[in-house]
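Numbers -27 to -1, 1 to 245, taken from mature numbering (1 follows the signal peptide of the UniProt record, and there is no 0), label the letters of the sequence shown in order.
Quick reminder that beta carbons are idealized off the backbone N, C-alpha and C, glycines included.
Nothing here was measured: the structure is a model prediction, and the numbers come from that model.
Worksheet: the structure to be examined is printed underneath.
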Amino acid sequence: MQNSLRRRSLFLATLAAALFCGSAAFAQDNNRNTVKVGISVGSAEQVFEVVKKVAAKDGLNIQLVVFNDYQLPNAALASGDLDANAFQHQPFLDNQNKARGFDIVPVGLTITAPLGFYSRKIKTIDQLPDGAAVGIQNDPSNGNRALLLLQSAGLVTLKPEAVKNNTATPLDVVSNPKKLKLVPLDAAQLPRSLDDLAIAAINNDYAEKAGLSLNKDAVIKEAAKSPYANLIAVRRADKDKPWARRLVAAYQSPEVRSFIETQFKGSLVPAF
């Protein structure tokens, strides 16, 4: 009988300790004042310096981790090395979740970064020669985006189903009157490959790092309003955490909006 009572007391003590630790961890997580956020090189670094200042007024300390490769920030977030990231649009996230088994969700919009095609060999798209080598991103979402931009410029025609589903690849090109040679490359490689290509689709952050301006240098560019708004993403388990809401609020503040509009003059557009 005494042994039974001792075991019951031990069980209750263990349970109480577990509940206390769980409650403490829950409280600590909900009262978290430091978050680690992954971003890409370039303009995001400038924008997040303003975000950090706004967040600090709310007592939230943002630690930035800068990546040069689009394939790394979601892996770092999924593994717990980051609390959030802010570098991608929804089609890219959807593809990564599906392809790599992540469970990452958006919690707020940031900016739209219109995609452009750039060149070191021509000044206007009318100068693009027949048979030219055209660089596009080799990841599915950005590659599709680049092909849609080529179609909008009248350079290729894509299968309607691929356009409807946002799944276009070079295999979906049904008309290519200039016989362009489509060259899929990693997004980070495209700026460095410009000397070997007639034109290349380059995402805004990589373009800026290479000294290219959407407004001055792009020979084709998306409209300012596009479906490719970037976002802040977190693990699904964290989507309703107070620190996630505070992070989004800091980004979507009047101070950050004003900075984006003043600093980038249309090459980046607030999406909130």
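- In the DSSP assignment, Leu55 is bridged to no other residue.
- Per DSSP, Ala206 lies in no alpha helix (DSSP H); the unbroken beta strand (DSSP E) holding it starts and ends at Ala202 to Arg208.
- Cβ-Cβ distances below 8 Å link Val14 to Val39, Phe40, Asn41, Asp178, Tyr179 and Lys182 in the same chain, with the five nearest sequence neighbours on each side left out; the list follows chain order.
- Between Val207 and the set Ala57, Val192 and Gly184, the nearest pair of CA atoms involves Ala57.
- Three or more Cβ pairs closer than 8 Å define a contact, and the segment 220 to 228 falls short of that threshold against the segment 117 to 132.
- Every alpha helix (DSSP H) stretch that sits fully inside the segment 27 to 110 and reaches 4 residues is listed by chain position as 46 to 51 and 63 to 73.
- With respect to the C-alpha of Asn176, the residue from Leu33, Arg230, His62 and Arg5 having the closest C-alpha is His62.
- Contact between Ser114 and Phe60 does not hold, since the beta-carbon distance rounds to 13 Å and is not under 8 Å.
- Residue Gln44 holds the alpha-carbon nearest to the alpha-carbon of Asp112 among Lys194, Gln44, Arg230 and Lys214.
- For the pair Lys94 and Ala173, the CB atoms are not nearer than the 7 Å cut-off.
- Annotation for Val10: the continuous beta strand (DSSP E) segment containing it runs Thr7 to Ser13.
- Straight-line spacing of the CA atoms in Asp76 and Lys96 works out to 43 Å.
- Residue pairing of Ile233 in beta bridges, as defined by DSSP: absent, with no partner found.
- For Ala222, the enclosing alpha helix (DSSP H) stretches over residues Pro215 to Tyr224.
- Beyond the five residues adjoining it in sequence on each side, Val129 comes within less than 6 Å, by CB distance, of Leu123, Val146 and Asn149 in the same chain, given in chain order.
- In this chain, Leu158 is not harboured by any alpha helix (DSSP H); it is covered by the beta strand (DSSP E) spanning Lys154 to Leu158.
- Per DSSP, Val136 is one residue of the alpha helix (DSSP H) stretching across Pro133 to Asn138.
- About 21 Å separates the beta carbon of Leu204 from that of Thr7, a gap too long to meet the 8 Å contact definition.
- In the assembly as shown, Leu153 is a buried residue. Its beta-carbon has 16 or more other beta-carbons within 10 Å.
- Counting along the chain, the unbroken alpha helix (DSSP H) around Ser114 starts and ends at Pro113 to Ser125.
- Val242 places its beta carbon less than 7 Å from that of Thr85.
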